[in-house]
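Enquirer:
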Amino acid sequence: MLQYKNHFQKLELLRANKLSLKKNVQDFLTSIAKSKNLNAFNFVFEDCLDNAEIIQKKIITGEAGKLAGMVIAIKDVLSIKDKPLTCSSKILGNFNSIYTATAVQKLINQDAIIIGKTNCDEFAMGSSNENSAFGPVLNPHDNSKVPGGSSGGSAVSVAAKLCDAALGTDTGGSIRQPAAFCGVFGLKPTYGKVSRFGLTAYGSSFDTIGPFSNSVEDTALILEVISGKDEKDSTSAESEKINYSNSLTTDKKFKIGIPKEFFGAGLNQEINVAIHNILNKLKSEGHEIIDVSLPLSEYSIPTYYILATAEASSNLARYDGAHFGFRSKDTPNLKELYTNSRTEGFGKEVKRRIMLGTYVLSAGYYDAYYNKAQKVRRLLKESYDKVFKNVEIILTPTTPTTAFNLGEKSNDPLEMYLTDIYTTSANLVGIPGMNIPVGFDNKKMPIGMQLMANQFNEIAILQLGKVISEL
Amino acid sequence: MNSLYEAVIGLEVHAQLLTETKIFCGCSTNFGNPPNTNVCLVCLGHPGALPVLNQKVVEFAVKMGLATDCTINRNSIFARKNYFYPDLPKGYQISQFEKPICEFGKLVVVKNDGSMKEIQIKRIHMEEDAGKSIHDQEETTLIDINRCGTPLLEIVSEPDMNSAEEAYLYLSKLRQIITYLGICDGNMEEGSFRCDANVSVRLKGESQLGTKAEIKNMNSFRNVEKAIEFEIKRQIEILEDGGKIIQQTLLWNAEQNIALPMRSKEEAHDYRYFPDPDLMPVEVDEIWKSEIEKKIPELPDTRCKRFIEQFNLPNYDAGILTSSKELADYFEKVTEVTTDYKSASNWIMTEVLKVLSEGKIGISQFIISPVNLGNLIVLINNKTISIKIAKEVFLEMLKSNQEPDTIIKDKNLLQISDTTEIETIIDKVITANPKDVQEFLSGKEKVIGFFVGQVMKESKGKANPQIVNELLKKKLSQQK
Ligand SMILES: [Zn+2]
Chain E
-17 MLQYKNHFQK LELLRANKLS LKKNVQDFLT SIAKSKNLNA FNFVFEDCLD NAEIIQKKII
43 TGEAGKLAGM VIAIKDVLSI KDKPLTCSSK ILGNFNSIYT ATAVQKLINQ DAIIIGKTNC
103 DEFAMGSSNE NSAFGPVLNP HDNSKVPGGS SGGSAVSVAA KLCDAALGTD TGGSIRQPAA
163 FCGVFGLKPT YGKVSRFGLT AYGSSFDTIG PFSNSVEDTA LILEVISGKD EKDSTSAESE
223 KINYSNSLTT DKKFKIGIPK EFFGAGLNQE INVAIHNILN KLKSEGHEII DVSLPLSEYS
283 IPTYYILATA EASSNLARYD GAHFGFRSKD TPNLKELYTN SRTEGFGKEV KRRIMLGTYV
343 LSAGYYDAYY NKAQKVRRLL KESYDKVFKN VEIILTPTTP TTAFNLGEKS NDPLEMYLTD
403 IYTTSANLVG IPGMNIPVGF DNKKMPIGMQ LMANQFNEIA ILQLGKVISE L
Chain V
12 MNSLYEAVIG LEVHAQLLTE TKIFCGCSTN FGNPPNTNVC LVCLGHPGAL PVLNQKVVEF
72 AVKMGLATDC TINRNSIFAR KNYFYPDLPK GYQISQFEKP ICEFGKLVVV KNDGSMKEIQ
132 IKRIHMEEDA GKSIHDQEET TLIDINRCGT PLLEIVSEPD MNSAEEAYLY LSKLRQIITY
192 LGICDGNMEE GSFRCDANVS VRLKGESQLG TKAEIKNMNS FRNVEKAIEF EIKRQIEILE
252 DGGKIIQQTL LWNAEQNIAL PMRSKEEAHD YRYFPDPDLM PVEVDEIWKS EIEKKIPELP
312 DTRCKRFIEQ FNLPNYDAGI LTSSKELADY FEKVTEVTTD YKSASNWIMT EVLKVLSEGK
372 IGISQFIISP VNLGNLIVLI NNKTISIKIA KEVFLEMLKS NQEPDTIIKD KNLLQISDTT
432 EIETIIDKVI TANPKDVQEF LSGKEKVIGF FVGQVMKESK GKANPQIVNE LLKKKLSQQK
């Protein structure tokens, strides 16, 4: 068991020499080795131990960064110089990054310890972490269940206490959904809040990087470190610099919107009850609960899958066997080199999405699919803008069910896509969303609740998240 | 051309921009470096790399747009053009599709018969160049990514041209403008200025366009003209034989002087354009636009008009002198030394251009400085040397790159205007040619030419011809 609940407590222990960072890191490495069956890690960096003593000294002398000694796992779609980058795909099986992603570099600059790279759905495409060339990740609460996806390994590494925190990526729910299934905090920031430089692109206009952790405090702290405008990412945005970790406590009474479309027939009753219990407590604490409507929500899944796959079909064109990564041995000519390398190198779900995306961009279909979906995206954004005029937070379930069984939805992609029904809207609209663990169902599987706020209003989510986590 | 038909031609020009770095990364655009040395994770398309737009490219595009009377779109967007090719590491080219930076431009060309023709420019957009595939190894294709990401402007005309001549003139005009702006070196042979042509023919008076063929791979101005002529003829022949034109892409073969169809699998792409989500829309506001406008140098048409007025030159001279910015600059530097503008023009248009075309060099590589050429003209005009001697001095300047004064002194070429000295020579010539003196005296005044020649020869060309003439007449008459 860890002696601390969040990084502030850990730092105090380290500063007072009541905790050896080296031992702490060693314990994590041992836990990872013992939990190999969970398959959470693609690569473990044993040499991260070397940093532990140096960083502990820096902590004692007061020269250390904000994240000094925080042990963090990185989803294997983010680049780290001279480390493998596989995206859990055979097609990048032999690939090493030649540079470090901005978000990861910012963690390192603040003296975090990077312990390894976590398993995920191939190229972040999936909702169960079953689409991985490294095999599926198991849910630590019940090994017959999926951990969610695509950042399943990151969620599990935090839930199973194999590290202090992890970075994941969220394109349609890939942080919040596995966080819900595994019972941890998972924050998807505003689009553009965190530089995408070094994040292997899936759906470029949706992709975000965010933290998994076991506390609102650590979530806030990591967000504070990784966010900010980056010259290397034109879509990153300058936003008000907030010291999130010092601004969590507030007496503010929030106006909380409950969209009825998120509490319909598909929602599991136990989740519904758990959330309404929270709502009642919030009401009694003086927060205002307001019924709102987001009528276009039913279109979020098709809209998301058209636009994200369109972008993916182009983003994944570079994995062609010609320049880097996997190349088929069977290459009689250029066309076969492409076809065979991609046929052998990509998994089934990735191929499905490339084909879907290629189709919606094709001559004659572009207007009917891609353009129409862009229009829906704009309308959806307008509907959220309208709701945010009246409420500061939108509160919803994160997922319609708790974690399902391994293999349960593998043969039904549509059923699988519907597990993202409550999360894709935030990506379409570009707003932040966070999963908060709010209890367990009768099978002891975690239940997750989602808070969303307007663009760059992460602070509201974090503040209310802290209130809820202390209810 | 069969006079029943008219050709319809549109040109697509790709101009490589003279920025120091590539369009979306910090790599050098330097030409001729060893293969795959001007590369980075962005232009190699590594996972997680993102493009960042080089603002200089926008500036250059706006310059070209303004110089060709285009509307500059306040907002334009980059799009991805998707296709697989080994010299395209990302599997897509970043270009502009639905909202290009410049639209609705035009330029005017003057045809050989003196008539003017306005040609509309449909659009100008920014894009990245691809790399190069090198197929010279057996069974192996080598890829050089150095050129990948070099900024290009694509300039698309409306199908407004009706002959190879018009296409040639339009292309020359574009090249003239783009090199005046200093944003492209305009070198077709080296591929930094490339042109594809869409050609169709139709019966005169027909309002619908015929089926077009696209011709590529014409890497010189002359080839563009020849290829278009070839294609017009080919299409008319097909129609005359009752055949149909098929839409296809042809490659010009300069050795055989024919255009041959590309293999069909190399065409028929569906590029699946869509807005590039990695780049924000490009915004060119009024302030930026006017800042760029201020940096535009005097353009060829304006400069030509000014040369006619300011230097009192014939249209023909002004046209040739302003054909390139460097030549016009050279001329203007000569005029800072001498006010004899017509002589300056003559010297440049005859002697200088002859040297350039013989040596296949540009004016920038021409050894004689404009100041020295100007001084040479001054020396002629103040009668220090004759035109004949000046031409000798000019040749010597080409060889030794010395100042004309120095050459004249060193070679003792000063014109002899001293009458005593000239009289001595004349006396000598008269004594040596008694027969011719008799002819002169008998009324054959033409013989004077012979005497002038002899005196000039005797003086090694240095005698002042005017003085020689006067003195000869006097001396010969005294022989009576
Ligand atoms: Zn580069």
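In the order they appear, the protein sequences are chains E and V.
Note that the working numbering has the first sequence beginning at -17, numbered continuously upward.
Note that the working numbering has the second sequence beginning at 12, numbered continuously upward.
Ideal Cβ positions, reconstructed from N, Cα and C, are used throughout, including at glycine.
The model shown is predicted, which means the values in this text are computed figures rather than measured ones.
1) Interface residues of chain E around L290(V) at Cβ under 7 Å?
2) Residues in its own chain within less than 8 Å of I398(V) by CB, not counting five upstream and five downstream?
3) Less than 6 Å separating the Cβ of V53(V) from some heavy atom of ligand 1?
4) Quick one: which chain E residues come within Cβ less than 8 Å of D281(V)?
5) Is the beta carbon of L(-16)(E) sitting closer than 7 Å to the one on V7(E)?
6) For M416(E), which of helix, strand or coil comes out of DSSP?
7) Comparing C-alpha positions only, which one of L446(E), G174(E), E397(E) sits nearest to K211(E)?
8) Strictly below 9 Å CB to CB, what residues from chain E border N93(V)?
9) By a C-beta neighbour count over all protein chains shown, 10 Å radius and 16 as the cutoff for buried, is I372(V) buried or exposed?
10) Would the beta-carbon of C102(E) be found less than 6 Å away from any heavy atom of ligand 1?
11) Going by beta-carbon coordinates alone, are L49(E) and A94(E) separated by less than 7 Å?
12) Between the segment 26 to 37 of chain V and the segment 48 to 68 of chain V, are three or more C-beta pairs nearer than 8 Å?
13) For a contact defined as C-beta to C-beta under 7 Å, what are the partners of Y81(E) on chain V?
14) Give me the residue from L28(V), L52(V), R213(V), D312(V) with the minimum Cα distance to C38(V).
15) Run through DSSP, which three-state label would V176(E) get?
16) DSSP beta-bridge partners for P193(E)?
17) Which residues bound the beta strand (DSSP E) around P549(V)?
18) Could you name the residues of the segment 167 to 186 of chain E whose beta carbon sits closer than 9 Å to any beta carbon of chain V, in the order they occur along the chain?
19) How many Å lie between S493(E) and I272(E) at the Cα?
20) Check whether the segment 309 to 328 of chain V touches the segment 342 to 353 of chain V, counting contact only when three or more Cβ pairs, one atom from each stretch, lie closer than 8 Å.
21) Compute the Euclidean distance between the alpha carbons of F77(E) and P171(E), then round it to the nearest angstrom.
22) At a CB-CB cut-off below 7 Å, which residues of chain V make contact with A304(E)?
23) Three-state secondary structure (DSSP) at I112(V)?
24) Give the residues from the segment 58 to 69 of chain E that approach chain V closer than 9 Å (Cβ to any Cβ), ordered along the chain.
25) Check the Cβ of L316(E) against every Cβ in chain V and list those closer than 8 Å, keeping chain order.
26) May I ask you to check if the CB of C30(E) is nearer than 6 Å to at least one heavy atom of ligand 1?
27) In terms of alpha-carbon separation, which member of E347(V), V348(V), E337(V), V389(V) lies closest to L364(V)?
28) Using 7 Å as the limit for Cβ to Cβ distance, is P325(V) near chain E?
29) Mapping DSSP to helix, strand and coil, what is N125(E)?
30) Would you identify the three-state DSSP class for C69(E), choosing helix, strand or coil?
31) Buried or exposed: which applies to S218(V), given that a residue is buried once 16 or more other Cβ atoms fall within 10 Å of its Cβ?
32) Using a Cβ-Cβ cut-off of less than 8 Å, list which residues of the segment 277 to 290 of chain E approach chain V; keep chain order.
33) If you count every other CB in all the chains shown that lies within 10 Å of the CB of H146(V), and 16 or more means buried, which is it?
34) For Y191(V), does the three-state DSSP call read helix, strand or coil?
35) Under 7 Å, do D146(E) and C102(E) count as touching if we go by C-beta distance?
36) Flag C206(V) as yes when its Cβ comes closer than 6 Å to any non-hydrogen atom of ligand 1, and as no otherwise.
Expert: A quick look at the data gives this:
1) S216
2) I391
3) yes
4) S344, A345
5) no
6) strand
7) G174(E)
8) S295, S296, A299, T340, L343
9) exposed
10) no
11) yes
12) yes
13) L52
14) L52(V)
15) strand
16) L149(E)
17) Here chain V covers residues 12 to 491 and nothing more, so residue 549(V) does not appear.
18) S177, R178, F179, G180, L181, T182, A183, G185, S186
19) The structure shown does not extend to residue 493(E), since chain E is modelled only from -17 to 453, so the question has no answer here.
20) yes
21) 28 Å
22) P97
23) coil
24) V59, L60, S61, L67, C69
25) P97, T152
26) no
27) E337(V)
28) no
29) coil
30) coil
31) exposed
32) none
33) exposed
34) helix
35) no
36) no
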